[in-house]
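For reference, the structure is listed below as structure tokens.
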Amino acid sequence: MKSISALSSALPNLRGPHFRLLPLLGFIGVLVESAIAATNYSTPYTFWTLAGETKGTFDGARFNSPLGITVDPDGTVYVADSGNHVIRKVSPTGDVTTWAGKLGSAGSNDGASGEARFSYPQGLAMDASKNVYVADSHNRTIRKISADGTVSTVAGSTAVVGSVDGVGAAAGFGLLCGVACDASGNLYVADASYHNIRKVSISGEVTTLAGSAGNLGSANGIGSTARFNAPQGVAVAADGTVYVADTGNCIIRKIAVDGTVSTYAGKAGYSGSTDGPAGEARFAVPTAIAVDSAGTLFITDLNGTIRKITADGEVSTVAGAPNQLGSGDGTGRAAGFFGPAGVLVGTQGWLYIIDSSANAVRIGSYTSGGVVLVQPISQMTSLGGSVLFTVSAQGPATYQWLKNGMAISGATSASLLISNVTFDDAGIYSCVVSNSTATETSETATLTINPDAYSSRLSNISTRSYVGTGGSIQIAGFIINGTEKKTVLIRATGPALANAPFNVPGTLADPVLTVFSGQTIIATNDDWSTDATNATAVEAANAKTGAFALVRGGKDAAFVLTLDPGAYTAQVSGKNEGVGVALVEVFEIGSSGKSRLTNISTRSETRTGANVQIAGFVVSGDFPKNVLIRASGPGIAVAPYRVPGTLADPVLTVYSGQTQIATNDDWSPSEVGDAAEYTHAFAWPTNSKDAALVLTLKPGAYTAQVTGKGDATGVTLIEVYEIP
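Structural data, given as structure tokens:
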């Protein structure tokens, strides 16, 4: 044992906003005990990474110093992504989305999920109704996110400074860290800067449960006579007992229902990693704490370990090696952590860990060893296929298969057969195996749906609009994304629209179709069937894509092209400067391969009546697809485009058949901004009169109609983007 003036030499290099709290801690005179040999891994947990680093749906989801974590009963994880000022949602298979707030935008606004703002959110807790509560540290408030994503402030105010008891906005907090919720819906909050534990009733009344504002120490006692030193973690057991990670004192505290505070494990002022009986055990920097239904505590320790305290007070280490940093998956000492700062016990007994400095969400499960002889293996299959997961046990045994940690009804044999696989079957599978001596959970196996062959995609685009002359001709843009060539059918129809069953009036009599790559002409066509080879190719493509048939000898234009990945434009003009309504279409021929259409756009003149701009597109595949749809008028009138005669105020409406799905007049940056960033759509001026929608659409055919507000007319650009 050696005395030092600060704890820094005993800690690994830590980074992230969570560790700004370290200067608050009273570490002067802390005694550091080196006791790696005394670490006990009697119940090792096996950890794997759910999300972060290189995992997640957006080609590697990223967090920025995440801190708080909570989990709902179906295994969906909620993360306080502190450095990004948002609350993220992580599916059981690791898909990451932003649930509330806006990435990189700090603030204190309440409102709908995309309009609300947070400032370095830390602790999270969930009540029985699946409302999520947020310790919004720099706003000094407790926020509530309803199940529908609506954000409100429960207690505290940015205008109130100090540790002030009161109701709702009249209450004051300091730097809020952990938050916990009891069975009745009361909240318990660790206030690190004022060294106390606060309680928020279901009516919003804030009281001080234990500790004295601004007075640090380690004294035990009742209520305000007790002292804490920058407490960060808080948990509440089923019987109402509150447990505290008293970070600056390097100990775990217990607050009984009558308010009596006692030291539960560790010794105040002594830092270390020793396991053993509660009074002999040592903690380095305990930050977060969770309790399971049996009263067992789990603690994240910034020395890179996850600690456990049984109900009888025995302390052990379940994963990580003291002061040996890493982020590797593994069991017990072999698992690595850079800066574990959040912990929660799931209903299935899994541990959910926020590894803040590694910017990752980790999951751990306990395996006693020796029961499961053969582990299940991860598999990938296509929709409609079958998979078989199998385990083998030592001696006679019973089995219960789990999906995402939840028991599968009737799945009680050594093998699990999943037939006619659907998207809903994707997930993480494991099996709880019990024999006469022990119970063990198998390793996890992931079922993945083949993304290349079966992911949903934009497969064709069509736009019907008025074709004028000069700057009012019809211009369709599309992008082929990927690494391989893509074969497409491109058509410009006018005469075909004039006939049954369409009977569109005022069509373009003789469209001319020209495709460009940049300023280079790739191909041009006037009268699709004049060339026999082209006619045969177009007819075959019509049949394969389901496009309506064209009559040989007609004046419509079309061709089949095989194009490299890149951006292209298809221009439709009238022969001899003819004008009228035309339909331009781009069809993807076949959905296999590693290239695809990812966004499509058309610029043309929007008129009234039958001459409004109508874009059709198809979402193909088996799953819903997120899309961004935009109608630009003012946005293309300014630099660098400076298109003359644009529509001053476009109105965008999306239909499925005759059913209106959504409409927009004047876009909202809070709802569209992130989608525009992900798709690299060009920026619009703030508060412009352009229109946009972000929609999640099931596979099928859709139309997006652009009209001018008040029957105004002008040139408009309509775009449909696939959101990755």
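Start counting the sequence shown at 132; every next residue gets the next number (the numbering used here). Here a beta-carbon is modelled for each residue, glycine too, at the ideal position from N, C-alpha and C. Model, not experiment: these values are computed from the prediction.
>> Quick check on this structure: which residue in V310, F633, E574 and K840 has the alpha carbon closest to the alpha carbon of Y560?
In response: One-based indexing of the sequence shown puts residue 560 at position 429. Looking at the Cα atoms, E574 is the closest of the given residues.
>> Checking the sheet assignment: what are the DSSP bridge partners for Q744?
In response: Along the sequence shown, one-based indexing puts residue 744 at 613. DSSP, once it has assigned bridges, lists V837 as partnering Q744.
> For the putative contact between V598 and V782, defined by C-beta atoms under 8 Å, what is the C-beta separation to the nearest angstrom?
Replying inline: The residue you call residue 598 lines up with position 467 of the sequence shown. The residue you call residue 782 lines up with position 651 of the sequence shown. Their Cβ separation, rounded to whole angstroms, is 21 Å, which puts V598 and V782 out of contact at 8 Å.
> Does the Cβ-Cβ distance between G435 and G400 come in under 9 Å?
Replying inline: Residue mapping note: residue 435 aligns to position 304 of the sequence shown, counting from 1. Residue mapping note: residue 400 aligns to position 269 of the sequence shown, counting from 1. No; because the gap between Cβ atoms is not below 9 Å, this pair is not in contact.
> How is V803 classed by DSSP in three states: helix, strand or coil?
Replying inline: As a working note, residue 803 is residue 672 in the sequence shown. If DSSP states are grouped into helix, strand and coil, V803 belongs with the helices.
> Leaving out five residues before and five after V563 in sequence, what residues of the same chain have Cβ atoms less than 6 Å from its Cβ?
Replying inline: What you label residue 563 is simply residue 432 of the sequence shown in a count that begins at 1. So the list reads Q531 and T572, once near-sequence residues are dropped.
> Opposite T431 in the DSSP bridges: which residues?
Replying inline: Here the question's residue 431 lines up with position 300 in the sequence shown. T431 pairs with A419 and I437.
>> Would you call the segment 446 to 461 in contact with the segment 487 to 498, where contact means no fewer than 3 C-beta pairs closer than 8 Å?
In response: yes
> Are E247 and V291 close, meaning C-beta to C-beta below 9 Å?
Replying inline: As a first step, residue 247 is located in the sequence shown; it is residue number 116 there, counting from the start. As a first step, residue 291 is located in the sequence shown; it is residue number 160 there, counting from the start. Residue identity check: residue 247 is Ala in the sequence provided, not Glu. No; because the gap between Cβ atoms is not below 9 Å, this pair is not in contact.
> According to the neighbour-count rule (16 or more other Cβ atoms, all chains shown, within 10 Å of its Cβ), is F101 buried or exposed?
Replying inline: No information on residue 101 is available, as it lies outside the stretch 132 to 855 that the chain covers here.
> Apart from the five residues just before and just after A542, which ones in its own chain have a Cβ nearer than 6 Å to its Cβ?
Replying inline: Taking the sequence shown and counting its residues from 1, the one referred to as residue 542 is at position 411. Cβ neighbours of A542 beyond the five flanking positions: W532.
> Three-state secondary structure (DSSP) at T372?
Replying inline: Here the question's residue 372 lines up with position 241 in the sequence shown. Note: T372 maps to coil in three-state DSSP.
> Any idea which residues DSSP pairs V503 with across the strands?
Replying inline: What you label residue 503 is simply residue 372 of the sequence shown in a count that begins at 1. V503 is bridged to A524.
>> Given a cut-off of 9 Å on the beta-carbon distance, is the pair G747 and T594 in contact?
In response: As a working mapping, residue 747 is identified with position 616 in the sequence shown. As a working mapping, residue 594 is identified with position 463 in the sequence shown. Annotated as proximal: G747 and T594, with beta-carbon spacing under 9 Å.
>> Suppose you measure from the CA of T865 to the CA of G558; what does that come to, to the nearest Å?
In response: Since the displayed the chain opens at 132 and closes at 855, residue 865 lies outside it and no answer follows.
>> As an exercise, report each continuous alpha helix (DSSP H) stretch of at least 4 residues that is fully enclosed by the segment 629 to 716, in chain order.
In response: 663 to 676
>> Using CA atoms only, rank isn't needed, just tell me which of A396, V846, A182 and Q650 is closest to S222.
In response: Within the sequence shown, numbered from 1, the residue matching residue 222 stands at position 91. With distances taken between Cα atoms, S222 lies closest to A182.
> Would you say G235 and F249 are within 9 Å of each other, going by their C-beta atoms?
Replying inline: Here residue 235 is taken as the residue at index 104 of the sequence shown, counted from 1. Here residue 249 is taken as the residue at index 118 of the sequence shown, counted from 1. Taking 9 Å as the Cβ cut-off, G235 and F249 do not qualify as a contacting pair.
> Taking the alpha-carbon positions, what's the N380 to A321 distance?
Replying inline: Sequence index remark: in the sequence shown, residue 380 carries index 249 (1-based). Sequence index remark: in the sequence shown, residue 321 carries index 190 (1-based). Straight across, the Cα-Cα distance linking N380 with A321 is about 14 Å.
> Comparing alpha-carbon positions, which option in H326, G613, Q744 and S334 lies nearest S315?
Replying inline: Here residue 315 refers to the residue found at position 184 when the sequence shown is read from its first residue. Among H326, G613, Q744 and S334, the Cα nearest to that of S315 is on S334.
> Shortest alpha-carbon distance to N360 belongs to which of S343, H269, A368 and T228?
Replying inline: Along the sequence shown, one-based indexing puts residue 360 at 229. Scanning S343, H269, A368 and T228 for the CA closest to the CA of N360 turns up S343.
> What first and last residue would you give for the beta strand (DSSP E) that runs through G495?
Replying inline: Working through the sequence shown from its first residue, we reach residue 495 at position 364. In this chain, the beta strand (DSSP E) harbouring G495 covers A491 to Y497.
> What residues are listed by DSSP as bridge partners for R384?
Replying inline: Your numbering for residue 384 matches position 253 in the sequence shown. According to DSSP, which records beta bridges pairwise, R384 is partnered with V375 and T394.
> Do the CB positions of L824 and R761 come within less than 9 Å of each other?
Replying inline: On the sequence shown, position 693 is the one that residue 824 refers to. On the sequence shown, position 630 is the one that residue 761 refers to. Against a cut-off of 9 Å, the Cβ pair of R761 and L824 comes out as a contact.
> Between which two residues does the beta strand (DSSP E) harbouring P471 extend?
Replying inline: Locating residue 471 in the sequence shown gives position 340, counting from the first residue. Looking at the DSSP string, the run of the beta strand (DSSP E) that includes P471 is P471 to V476.
> With 16 other CB atoms within 10 Å as the buried threshold, where does Y772 fall?
Replying inline: The sequence position of residue 772 within the sequence shown is 641, counting from 1. It counts as exposed.
>> Can you check which of these residues, G463, V217, L759 and V682, is closest to S244 by C-alpha distance?
In response: Locating residue 244 in the sequence shown gives position 113, counting from the first residue. If we check each option's Cα against that of S244, V217 comes out closest.
> So, using beta-carbon positions, are I745 and Y483 closer together than 9 Å?
Replying inline: Indexing the sequence shown from 1 puts residue 745 at position 614. Indexing the sequence shown from 1 puts residue 483 at position 352. Result no, Cβ atoms of I745 and Y483 do not sit closer than 9 Å.
> Do M537 and G206 have their C-beta atoms within less than 9 Å of each other?
Replying inline: The residue you call residue 537 lines up with position 406 of the sequence shown. The residue you call residue 206 lines up with position 75 of the sequence shown. Yes, they are a contact pair.
>> I need the DSSP call for I854, collapsed to helix, strand or coil.
In response: Here residue 854 refers to the residue found at position 723 when the sequence shown is read from its first residue. Reduced to three states, the DSSP call for I854 is coil.
> Between E716 and the rest of its own chain, which residues show a CB-CB distance below 6 Å, the 5 nearest in sequence each way excluded?
Replying inline: For the purposes of this step, residue 716 is taken as the residue at position 585 of the sequence shown. Only S593 and R622 meet the Cβ criterion.
> Hey, quick one: how far does the beta strand (DSSP E) through Q253 stretch, first residue to last?
Replying inline: The sequence position of residue 253 within the sequence shown is 122, counting from 1. Taken as a continuous stretch (DSSP letters only), the beta strand (DSSP E) holding Q253 covers P252 to M257.
>> Give me, in chain order, the residues of the same chain whose beta-carbon lies closer than 6 Å to that of T794; leave out the 5 immediate sequence neighbours on both sides.
In response: To locate residue 794, count along the sequence shown from 1; it is residue 663. Result list for T794: T784, in chain order.
> Helix, strand or coil: which one does DSSP assign to I767?
Replying inline: Within the sequence shown, the letter at position 636 stands for residue 767. Correct three-state label for I767: helix.
> For D212, which of helix, strand or coil comes out of DSSP?
Replying inline: Residue mapping note: residue 212 aligns to position 81 of the sequence shown, counting from 1. It is a strand residue.
>> So if DSSP puts F813 in a beta bridge, which residue, or which two residues, is it bridged to?
In response: Along the sequence shown, one-based indexing puts residue 813 at 682. Answer is none; F813 lacks a bridge partner.
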